[in-house]
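For reference, the structure is listed below as structure tokens.
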Amino acid sequence: MATVVAIGAGVAGAQQTGNANAGNEPLGLRIGTGTTSGTYFPLGSLIANALSRPPGARPCDRGGSCGVDNLLAVAQATDGSVENVDRLQKGDLDAALAQANVAYWARTSSGPYGGKPPADQLSLIASLYTETVHVVVREDSPLKSVSELKGKRVSLGPDGSGTLTDARNVLAAYGLGEKSLKPVYERPARSGDMLADGEIDAMFVTGGDPMPVLVDLARALDIRFLPLNGTPAEDMVERQPFLTHAEIPADIYPGVDEGTSTVGMGALLLIRKDEPEDLVFEITRALWNPATLAVLADPRRPTPITLDPTNTLTTLAVPLHPGARRYYEEAHLLEGAQPELAAPPAAGGAPGAAPVPAPAPRS
């Protein structure tokens, strides 16, 4: 749970704005994000700043923070969705960003989480935006399809990342496994360096477009993306909840002037179920504050996002936290749209539960 933080005197005199934590001891909220070169870390840092309102801060209506009174949120760098979900369940994090499919698998003990206890501490604040899977090659590479990656040197992303889970998922859809490749497990920035130096033939990375690490790579190296389309992509989307058809837009990366078909999934802001309802209500209200929305959508940001309640208030990967649900009800955002949990996958891998390879040894 959010932890009390000792930051000295003056807490009792904090500005009163009606927030649940006003006048109480300051709380620390640990938000798991991703690698510093990916999308999650800068986004999580912005969210942490937006949710925080330290004692003595100017009121929101006077140009100060519009966050939660006496809350000090901190973005923690991690390797991504899988690590975040695991640490959130254990209580090593209070909140986290994660891919919807990873959160769903953890909650329902399916996919890579088959045979594990359900991650019953995962609850939802909001769905933020759509992430896409990028399979990156040099522009002059002879590779045209994922099916041609057999025997090639491919970075699949680091352990604990959603990228690694997505890469395994995509490879399985194309009839490939890690043993059919020469896999490496590097973070996005290092993978980009290796691609530029000719040390690997392709790299997987999942994130919101445009990904800063890929913008930088495209400025230094002519790149393109392998498409995820046809029967493999159709089967993945048909059989797996929270996976959708998507496109990497044209001209969003320097020198890449054609759009590329791929698959995508929602990026979620999760919080532990045992966090107090009043606190999560205030966190949700701060997230949807117009000032926060303006910061997130600022086109000067590397990956601007525009929050849309319809992305959250449809089929859910994990349950809404009661505090978040209360905010949406009081904001009249649930009128005519009662969000429901996706049904757990049927035994035997029925539709909605395509087999996804479990984490395997690298040897």
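The sequence shown begins at 414 in our numbering and counts up by one.
For every residue, glycine included, the Cβ atom is placed at its ideal position computed from N, Cα and C.
From residue i to residue j, what does the alpha carbon distance come to, in whole angstroms?
{"i": "D664", "j": "L594", "result": "30 Å"}
{"i": "G441", "j": "V481", "result": "11 Å"}
{"i": "P555", "j": "D505", "result": "44 Å"}
{"i": "P531", "j": "E651", "result": "23 Å"}
{"i": "D499", "j": "T446", "result": "13 Å"}
{"i": "A609", "j": "S560", "result": "22 Å"}
{"i": "A615", "j": "L630", "result": "13 Å"}
{"i": "T697", "j": "Y740", "result": "7 Å"}
{"i": "A646", "j": "V731", "result": "24 Å"}
{"i": "A486", "j": "Q512", "result": "21 Å"}
{"i": "M649", "j": "P758", "result": "14 Å"}
{"i": "V669", "j": "R685", "result": "40 Å"}
{"i": "W518", "j": "P525", "result": "7 Å"}
{"i": "R566", "j": "R713", "result": "35 Å"}
{"i": "R443", "j": "D507", "result": "5 Å"}
{"i": "G457", "j": "A586", "result": "31 Å"}
{"i": "N582", "j": "N514", "result": "11 Å"}
{"i": "Q428", "j": "M624", "result": "Low per-residue confidence applies at Q428: pLDDT is 30, beneath 50, and the placement is therefore not dependable enough to give any value."}
{"i": "L577", "j": "K529", "result": "19 Å"}
{"i": "L459", "j": "S450", "result": "15 Å"}
{"i": "V550", "j": "P455", "result": "25 Å"}
{"i": "V626", "j": "N462", "result": "22 Å"}
{"i": "A580", "j": "C473", "result": "43 Å"}
{"i": "L535", "j": "T521", "result": "11 Å"}
Quick one: residues in its chain with C-beta nearer than 6 Å to the C-beta of residue i, no 5 flanking neighbours on either side, listed in chain order?
{"i": "G736", "result": "E690, V693 and F694"}
{"i": "A710", "result": "P717 and T719"}
{"i": "N724", "result": "S540"}
{"i": "P640", "result": "T673 and S674"}
{"i": "E599", "result": "S568"}
{"i": "L733", "result": "L537"}
{"i": "L496", "result": "Before going further, note that residue 496 is Glu rather than Leu in the sequence given. Here the set comprises G573."}
Using the beta-carbon count (16 or more within 10 Å), is residue i buried or exposed?
{"i": "R632", "result": "exposed"}
{"i": "G605", "result": "buried"}
{"i": "A773", "result": "Note that A773 scores a pLDDT of 42, beneath 50, so its modelled location is shaky; the value from the coordinates is reported in the next line. The residue in question, A773, is exposed, as its Cβ has fewer than 16 Cβ neighbours within 10 Å."}
{"i": "T448", "result": "buried"}
{"i": "E591", "result": "buried"}
{"i": "G611", "result": "exposed"}
{"i": "T491", "result": "buried"}
{"i": "A744", "result": "exposed"}
{"i": "P703", "result": "exposed"}
{"i": "E552", "result": "exposed"}
{"i": "D533", "result": "exposed"}
{"i": "T705", "result": "buried"}
{"i": "T644", "result": "exposed"}
{"i": "T779", "result": "Here the chain has residues from 414 to 776 only, and residue 779 is not among them."}
{"i": "E748", "result": "exposed"}
{"i": "E796", "result": "The first residue shown for the chain is 414 and the last is 776, placing residue 796 beyond what the model contains."}
{"i": "E688", "result": "buried"}
{"i": "D721", "result": "exposed"}
Could you give the DSSP three-state label for residue i: helix, strand or coil?
{"i": "A615", "result": "strand"}
{"i": "P715", "result": "coil"}
{"i": "K784", "result": "Summary: the structure shown does not reach residue 784, with the chain confined to residues 414 through 776, and so no result is reported for it."}
{"i": "G605", "result": "helix"}
{"i": "V559", "result": "helix"}
{"i": "G441", "result": "strand"}
{"i": "S458", "result": "helix"}
{"i": "P757", "result": "coil"}
{"i": "V567", "result": "strand"}
{"i": "R685", "result": "strand"}
{"i": "V597", "result": "strand"}
{"i": "G620", "result": "strand"}
{"i": "T728", "result": "strand"}
{"i": "L733", "result": "strand"}
Looking only at its chain, what residues have a beta carbon closer than 7 Å to the beta carbon of residue i, apart from the 5 residues adjacent to it on each side?
{"i": "E671", "result": "A663"}
{"i": "R471", "result": "G477"}
{"i": "S465", "result": "S478, G480, L484, L485 and A486"}
Cutting at 8 Å between CB atoms, please list the residues of its own chain near residue i, excluding the five before and the five after it.
{"i": "K563", "result": "L589, S593 and L594"}
{"i": "G677", "result": "T543, E544, T545, V546, L656, T657, H658 and A659"}
How about residue i: is its Cβ closer than 7 Å to a heavy atom in the ligand FMN?
{"i": "S465", "result": "Here there are no bound small molecules, and the ligand FMN is not part of this structure."}
Does any CB atom of chain B fall closer than 8 Å to the CB of residue i?
{"i": "A539", "result": "Among the chains in the structure shown there is no chain B, since it carries only a single protein chain."}
Within the stretch 466-547, note down every full beta strand (DSSP E) run reaching 3 residues or more, in order along the chain. Every beta strand (DSSP E) of 3 residues or more that sits fully in the stretch 466-547 is shown, in chain order, as 484-489 and 508-512.
Which residue spans inside the stretch 630-681 form an unbroken beta strand (DSSP E) run of at least 3? Listed in chain order, they are 636-638 and 657-661.
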